[in-house]
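Novice: Same order as they appear, the protein sequences are chains A and B.
The first sequence lines up with residues 1 to 539 when you count with full-length UniProt numbering.
The second sequence lines up with residues 1 to 539 when you count with full-length UniProt numbering.
There are 2 protein chains.
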Amino acid sequence: MNKDDAGSAGVSPESASASGLNRRHFLGAATVGTGAALAGLAASSPVLAQGATSAAPQVDFPDSRQAFGGGGSAGGAVNRAEIDLYDCEVEGAWPKDLDGVFYRVGPDPQYPKDPKYASDIVFDGEGHVSMFRIKDGHVDYRTRYVRNQRWKAQHEARRSLFGMYRNPLTDDPSVKGLSRGTANTQLFLHHGKLLVFKEDSPPVSMDPLTLETLDDYYTFGGKLASQTHTAHPKIDPLTGEYIGFGYEANGLLSKDIFVFSADRNGQVNWSTTVQAPYAGMMHDFAVTQTHIVLYLTNMVADAKRIQAGGVHFSYDSQAPCYLGVMRRGGDGKDLRWFRGPNLFCTHVMGGWSDGDKITVDWDGGEGNQFPFFPSLHEPFDPAKSRGLIRRFTVDLSSRTNDRFQSETLFPQVSGVLSRQDDRFHTLPYRYGYLNSPGPGGGWSIIDHQEKTVQVASVPDYSLSEMTFVPRKKDAEEGDGYLIGIGSSMKEGGRSDLILIDTKDVAAGPVARVRMPFPVVGQVHGFWADASQIPGLTHA
Amino acid sequence: MNKDDAGSAGVSPESASASGLNRRHFLGAATVGTGAALAGLAASSPVLAQGATSAAPQVDFPDSRQAFGGGGSAGGAVNRAEIDLYDCEVEGAWPKDLDGVFYRVGPDPQYPKDPKYASDIVFDGEGHVSMFRIKDGHVDYRTRYVRNQRWKAQHEARRSLFGMYRNPLTDDPSVKGLSRGTANTQLFLHHGKLLVFKEDSPPVSMDPLTLETLDDYYTFGGKLASQTHTAHPKIDPLTGEYIGFGYEANGLLSKDIFVFSADRNGQVNWSTTVQAPYAGMMHDFAVTQTHIVLYLTNMVADAKRIQAGGVHFSYDSQAPCYLGVMRRGGDGKDLRWFRGPNLFCTHVMGGWSDGDKITVDWDGGEGNQFPFFPSLHEPFDPAKSRGLIRRFTVDLSSRTNDRFQSETLFPQVSGVLSRQDDRFHTLPYRYGYLNSPGPGGGWSIIDHQEKTVQVASVPDYSLSEMTFVPRKKDAEEGDGYLIGIGSSMKEGGRSDLILIDTKDVAAGPVARVRMPFPVVGQVHGFWADASQIPGLTHA
Numbered sequence: 001m002n003k004d005d006a007g008s009a010g011v012s013p014e015s016a017s018a019s020g021l022n023r024r025h026f027l028g029a030a031t032v033g034t035g036a037a038l039a040g041l042a043a044s045s046p047v048l049a050q051g052a053t054s055a056a057p058q059v060d061f062p063d064s065r066q067a068f069g070g071g072g073s074a075g076g077a078v079n080r081a082e083i084d085l086y087d088c089e090v091e092g093a094w095p096k097d098l099d100g101v102f103y104r105v106g107p108d109p110q111y112p113k114d115p116k117y118a119s120d121i122v123f124d125g126e127g128h129v130s131m132f133r134i135k136d137g138h139v140d141y142r143t144r145y146v147r148n149q150r151w152k153a154q155h156e157a158r159r160s161l162f163g164m165y166r167n168p169l170t171d172d173p174s175v176k177g178l179s180r181g182t183a184n185t186q187l188f189l190h191h192g193k194l195l196v197f198k199e200d201s202p203p204v205s206m207d208p209l210t211l212e213t214l215d216d217y218y219t220f221g222g223k224l225a226s227q228t229h230t231a232h233p234k235i236d237p238l239t240g241e242y243i244g245f246g247y248e249a250n251g252l253l254s255k256d257i258f259v260f261s262a263d264r265n266g267q268v269n270w271s272t273t274v275q276a277p278y279a280g281m282m283h284d285f286a287v288t289q290t291h292i293v294l295y296l297t298n299m300v301a302d303a304k305r306i307q308a309g310g311v312h313f314s315y316d317s318q319a320p321c322y323l324g325v326m327r328r329g330g331d332g333k334d335l336r337w338f339r340g341p342n343l344f345c346t347h348v349m350g351g352w353s354d355g356d357k358i359t360v361d362w363d364g365g366e367g368n369q370f371p372f373f374p375s376l377h378e379p380f381d382p383a384k385s386r387g388l389i390r391r392f393t394v395d396l397s398s399r400t401n402d403r404f405q406s407e408t409l410f411p412q413v414s415g416v417l418s419r420q421d422d423r424f425h426t427l428p429y430r431y432g433y434l435n436s437p438g439p440g441g442g443w444s445i446i447d448h449q450e451k452t453v454q455v456a457s458v459p460d461y462s463l464s465e466m467t468f469v470p471r472k473k474d475a476e477e478g479d480g481y482l483i484g485i486g487s488s489m490k491e492g493g494r495s496d497l498i499l500i501d502t503k504d505v506a507a508g509p510v511a512r513v514r515m516p517f518p519v520v521g522q523v524h525g526f527w528a529d530a531s532q533i534p535g536l537t538h539a
Numbered sequence: 001m002n003k004d005d006a007g008s009a010g011v012s013p014e015s016a017s018a019s020g021l022n023r024r025h026f027l028g029a030a031t032v033g034t035g036a037a038l039a040g041l042a043a044s045s046p047v048l049a050q051g052a053t054s055a056a057p058q059v060d061f062p063d064s065r066q067a068f069g070g071g072g073s074a075g076g077a078v079n080r081a082e083i084d085l086y087d088c089e090v091e092g093a094w095p096k097d098l099d100g101v102f103y104r105v106g107p108d109p110q111y112p113k114d115p116k117y118a119s120d121i122v123f124d125g126e127g128h129v130s131m132f133r134i135k136d137g138h139v140d141y142r143t144r145y146v147r148n149q150r151w152k153a154q155h156e157a158r159r160s161l162f163g164m165y166r167n168p169l170t171d172d173p174s175v176k177g178l179s180r181g182t183a184n185t186q187l188f189l190h191h192g193k194l195l196v197f198k199e200d201s202p203p204v205s206m207d208p209l210t211l212e213t214l215d216d217y218y219t220f221g222g223k224l225a226s227q228t229h230t231a232h233p234k235i236d237p238l239t240g241e242y243i244g245f246g247y248e249a250n251g252l253l254s255k256d257i258f259v260f261s262a263d264r265n266g267q268v269n270w271s272t273t274v275q276a277p278y279a280g281m282m283h284d285f286a287v288t289q290t291h292i293v294l295y296l297t298n299m300v301a302d303a304k305r306i307q308a309g310g311v312h313f314s315y316d317s318q319a320p321c322y323l324g325v326m327r328r329g330g331d332g333k334d335l336r337w338f339r340g341p342n343l344f345c346t347h348v349m350g351g352w353s354d355g356d357k358i359t360v361d362w363d364g365g366e367g368n369q370f371p372f373f374p375s376l377h378e379p380f381d382p383a384k385s386r387g388l389i390r391r392f393t394v395d396l397s398s399r400t401n402d403r404f405q406s407e408t409l410f411p412q413v414s415g416v417l418s419r420q421d422d423r424f425h426t427l428p429y430r431y432g433y434l435n436s437p438g439p440g441g442g443w444s445i446i447d448h449q450e451k452t453v454q455v456a457s458v459p460d461y462s463l464s465e466m467t468f469v470p471r472k473k474d475a476e477e478g479d480g481y482l483i484g485i486g487s488s489m490k491e492g493g494r495s496d497l498i499l500i501d502t503k504d505v506a507a508g509p510v511a512r513v514r515m516p517f518p519v520v521g522q523v524h525g526f527w528a529d530a531s532q533i534p535g536l537t538h539a
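1) Can you find the residues in the same chain that come closer than 6 Å, C-beta to C-beta, to residue 275 (chain B), ignoring five residues on each side of it along the sequence?
2) Using alpha carbons as the reference points, say which of B:384, B:363, B:362, B:361 lies closest to residue 371 (chain B).
3) To the nearest angstrom, how far is it from the Cα of residue 440 (chain A) to the Cα of residue 415 (chain A)?
4) Check whether the Cβ atoms of residue 456 (chain B) and residue 500 (chain B) sit closer than 8 Å, and answer yes or no.
5) Given a threshold of 16 other Cβ atoms within 10 Å of its Cβ, counted over all protein chains shown, does residue 185 (chain B) qualify as buried or as exposed?
6) For residue 528 (chain B), would you say it is in contact with chain A, using Cβ-to-Cβ distances shorter than 8 Å as the test?
7) Counting beta carbon pairs with one atom in the region 82-95 of chain A and one in the region 505-513 of chain A, are three or more of them shorter than 8 Å?
8) So, for residue 479 (chain B): in the same chain, excluding its five sequence neighbours on each side, which residues have a beta-carbon less than 6 Å away from its beta-carbon?
9) Is the CB of residue 23 (chain A) under 8 Å away from at least one CB in chain B?
10) Pick from B:244, B:434, B:223, B:163: whose alpha carbon is nearest that of residue 259 (chain B)?
11) With which residues is residue 513 (chain A) paired in a DSSP beta bridge?
12) Just tell me which of A:376, A:208, A:66 has its CA closest to the CA of residue 190 (chain A).
13) With 8 Å as the limit, tell me which residues of the region 53-87 of chain A have their beta carbon closer than that to any beta carbon of chain B; keep them in chain order.
14) Looking only at DSSP bridge pairs, what is residue 175 (chain A) linked to?
15) Relative to the C-alpha of residue 113 (chain B), which candidate in B:72, B:131, B:417 has its C-alpha closest?
16) Look at the alpha carbon of residue 529 (chain B) and the alpha carbon of residue 426 (chain B), and state the distance between them as a whole number of angstroms.
17) To the nearest angstrom, how far is it from the Cα of residue 373 (chain B) to the Cα of residue 283 (chain B)?
18) Enumerate, from N- to C-terminal direction, the unbroken beta strand (DSSP E) stretches of 3 or more residues contained entirely within the region 133-162 of chain B.
19) Please determine, among B:150, B:107, B:99, B:172, the residue with the shortest C-alpha to C-alpha distance to residue 138 (chain B).
20) Between which two residues does the beta strand (DSSP E) holding residue 104 (chain A) run?
21) Can you check whether the C-beta of residue 517 (chain B) is within less than 8 Å of a C-beta belonging to chain A?
22) Identify the contact partners of residue 128 (chain B) in chain A, using a Cβ-Cβ distance below 8 Å as the criterion.
23) With a cut-off of 8 Å, does the C-beta of residue 138 (chain A) fall near any C-beta of chain B?
24) DSSP state of residue 357 (chain B), grouped into three classes?
25) Distance check for residue 377 (chain A) and residue 253 (chain A), CA to CA, integer angstroms please.
26) Residues in the region 147-164 of chain A with C-beta within 8 Å of chain B's C-beta atoms, listed in sequence order?
27) Quick one: which unbroken alpha helix (DSSP H) runs of 4-plus residues sit fully inside the region 296-355 of chain A? Chain order, please.
28) List, in order along the chain, the chain A residues whose C-beta lies closer than 7 Å to that of residue 492 (chain B)?
29) Counting only beta-carbon separations shorter than 8 Å, does residue 391 (chain A) have a partner in chain B?
30) Count the other CB atoms, across all protein chains shown, that sit within 10 Å of the CB of residue 438 (chain B); report buried if there are 16 or more and exposed otherwise.
31) In the DSSP assignment, find the alpha helix (DSSP H) that holds residue 382 (chain B) and state where it starts and stops.
32) Strictly below 8 Å CB to CB, what residues from chain A border residue 514 (chain B)?
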């Protein structure tokens, strides 16, 4: 996203063009005279060359790596292929009793943007879901775009109709009233539905096996009284309840936060609307057995930028961050906002209550972790974006306390996309997982009890977010596997699905699926045991 | 397929393993101890390790490049991914009035073979069809395996059930009675059906838009009185008739040849059964306005080899080749077999009648062109496999003549997979096309009238078979485009769909579709104008 993005990604402009990544240069070099021929043909086809004003424009992503979808598929910026690959090639031995689905989702630009929105961010790409169905050591792969309202309108028009990230003022008039949601961030299986999330919109419901989109605007039977829904709902393992929230719940720059829970059948059994100190990003949250813990990052919704046709957010280092704590099942009037150090926290590792004491662990940096959003007061500082495990505690017993405490755990380990054994949502937990990129990195396994860290390293691979898979349904916490995608840097980004045994991390991957290509990109993933999936339960 | 195949394909064993193509070596290098871990796990999972006798074996193609599917997807030996890619990335300007579909098919091993059949040939891979739907400069890509009887049985079993190429004695007992056809060679649109061919079996009918398999054993309403059907039927452009044949029509080593035609609606309006001098390969044939021209290559059906569990054919340089000529619409009793030089001809460029004089042009070599089939009397000779344009003529006016004449045209041009403007099947023709691989090669355009050759070269690309596309429905012969797939050797085989304007060959490609990956392999392709395709005609 930076001017020197190609360089920082380890691909120099020289090597990029040598490997054919610069498409214009490549075309010119490959066939003498082709460039001229192309130019001539374009000139004689003014309808095609002029673009949106007449015929649909041709699908040609911009060359600039700084642009939305820039580099196209050749640059790895888009994938776009919807795929069924039955019985993937497997190496090693997939555990015979592993029976479930590993789901993933990420942004995958459906169309190049109108050039005036070419500076839009990668996270505005349309959601593309992939799944690995694993049983008896056989693995089937399937991907589908989420057919939400946005995708369908653009598919029909064969071009981009939505402008900048979370800025409806930049949309084509033809899509007024349609949901802008991309459904590109996380997915979750609950009450038999595969729900796919983008935090600016309600979930989309997909069939967990076919990936057919079933509801392009899922509102829990009309009970989701919010225009938004987090990408990170939680499940209470004791009750099976689903707990979610939406910020900017009632429109652009709204301070309303809708918080709710639904029972194991998806019936909303509690909801309330509370107010944030200001409208800003609240990407993840924590739920304990008794409380909801919100976090307001100082990534502020920026009215001026939106009016000017820019992205939704600006990083404001001078705005305070807040931890918000409220009782589950209450009317929300007990919500209290606590101040602490301004840490840019994105993902919760785990959290629990011990009487009046609330503890939540996040990965977080001292400064902006999202350089693609503009910074109001200072340039982006990579050093300050470094994510460490931040433990926030707050004591609710004092009625006058307005501060939370922050402690950095395992300062030797940095990373992002923290996770846990999802069966320990809301509960005290022992094991956390962190994606630690870079040399010597890998998937870090944090043991809070023994205060140790193990790193599952896969040399020459770039690893996506890991997800924990229990060895058996009733396995002890952390006993099982880490599953996730690795991209082979020596093979042009070709992907493996990798399985690490948490009881023998040093052994490296115990099994792999060798994909023939780089798989579609991922923000987050989710493991669903076969018993959770309708249609598989009786198979 | 030879022991030194990797070397002859330009990939040395050293470079193969350096680029990660040797999967075992790669795994070992990537993660210290991984190999041992994998071995250990396999040992503790004897059910998985033992394979077919208990649980379904894991899908892991052999490493050896000489083996069927050897190297797997990493080695480019299989693809297996069924894909929808809507609105592909386009460069250049696709002609705005080009409206139709470019279809392709090739073998794509569905499963690794039982190790005792690992020496099977690549052409025993299951047929995988791909299509590029082109309209208004937008291009949609779709691929599907042909769901024929063989595919369905193996899909269900999750393993290979069919043994060696055209040898039913090597099959799993569970598939007795099922068609062995792979439908992997050519496809053809006629009477609204997409028919997909393998010369050992009847066609499979697919929906031309969805690629759904509609009939896994298509017999023209029961009128195809043959167990086989050529991959190269012809269309009579004056009547719209479809002319086809099947050799070894009545079982293994049968000398029967079933010849037939169907009207433009697919109603069989003529058929007869004739006899070949011996059972051998008859890959292509020619049809003129008055005659059927068969060709029997000295690739003999080999009873001993079949009994021993080998492939169907052996190359027998001592067996004569025959040109067989018979009237269209007759009872077949007029069939005469003519001898000439023993040329190994595979594909017809064009053919016509002028009274009693029949002319047919083929590409052909002096010796075996299919090194993957064993040779009975001498080792494979690459020099003799070189394909040149062979013009065969025969004069039917003499009742005693038993020879045809052979002449080599354009000896400076070698190649394979010869084609013509399909609108000139059965008629005198001016333009032929030849795929001429190697340095300085490309798609060769033969002008028989001016006696010139132009080569459409795309440097650093390996080109698949080209197909001619008329510029407009009533364009003059040869006025239009050559369309086909090129694989970028500098980008790991990533594919482009390439369009060459036959009126400006020197300009190189006028337009391309840049695919994100190597597309599924191809033997042959077929262009269908939108007006031929049900569901598109009224769009």
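Built from N, CA and C at the ideal position, the CB exists for glycine as well.
Fair warning: this is a prediction, and the values are worked out from it, not measured in the lab.
Specialist: Reading off the structure:
1) Contacts found: 255.
2) Measuring from the Cα of residue 371 (chain B), the nearest candidate turns out to be B:384.
3) Residue 440 (chain A) and residue 415 (chain A): Cα-Cα distance of roughly 12 Å.
4) Yes, Cβ-Cβ distance for residue 456 (chain B) and residue 500 (chain B) is below 8 Å.
5) Taking all protein chains in view, the Cβ of residue 185 (chain B) is crowded by 16 or more other Cβ atoms within 10 Å, so the residue is classified as buried.
6) Interface residue (Cβ-Cβ distance to chain A less than 8 Å): residue 528 (chain B) is not classified as such.
7) Contact between the region 505-513 of chain A and the region 82-95 of chain A is present, with at least three C-beta pairs closer than 8 Å.
8) Excluding sequence positions up to five before and after residue 479 (chain B), its CB lies within less than 6 Å of the CB of 471, all in the same chain and listed in chain order.
9) Low confidence applies here, because residue 23 (chain A) scores a pLDDT of 31, under 50, leaving its location unreliable and the question unanswered by this model.
10) Checking every option, the nearest Cα to that of residue 259 (chain B) belongs to B:244.
11) In DSSP, residue 513 (chain A) forms a bridge with A:90, A:497.
12) For the set A:376, A:208, A:66, the Cα lying nearest the Cα of residue 190 (chain A) is the one of A:208.
13) For the region 53-87 of chain A, which is checked against every Cβ of chain B, the residues closer than 8 Å are 55, 56, 58, 59, 60, 61, 72, 73, 74, 78, 79, 80, 81, 82, 83, 84, 85, 86, 87.
14) DSSP links residue 175 (chain A) through a beta bridge to no other residue.
15) The candidate whose alpha carbon is nearest that of residue 113 (chain B) is B:72.
16) Straight across, the Cα-Cα distance linking residue 529 (chain B) with residue 426 (chain B) is about 20 Å.
17) Approximately 14 Å between the Cα atoms of the pair.
18) The beta strand (DSSP E) runs lying completely inside the region 133-162 of chain B and spanning 3 residues or more are 138-145, given in chain order.
19) Among B:150, B:107, B:99, B:172, the Cα nearest to that of residue 138 (chain B) is on B:99.
20) Run containing residue 104 (chain A): 100-107, per the beta strand (DSSP E) assignment.
21) So, interface residue.
22) Near residue 128 (chain B) there are no residues of chain A at all, since even the closest Cβ is about 12 Å away, more than 8 Å.
23) For residue 138 (chain A), the closest Cβ of chain B is nearer than 8 Å.
24) Collapsing the DSSP output to three states places residue 357 (chain B) in a strand.
25) Straight through space, the alpha carbons of residue 377 (chain A) and residue 253 (chain A) are spaced by roughly 21 Å.
26) Those would be 155, 158, in chain order.
27) List check, alpha helix (DSSP H) in window: 303-307.
28) Correct list: 492.
29) Residue 391 (chain A) does not count as touching chain B.
30) Exposed is the call here.
31) Residue range 382-385 is occupied by the alpha helix (DSSP H) that includes residue 382 (chain B).
32) What residue 514 (chain B) touches in chain A, judged by beta-carbon distance under 8 Å, is 23, 72, 73, 74, going in chain order.
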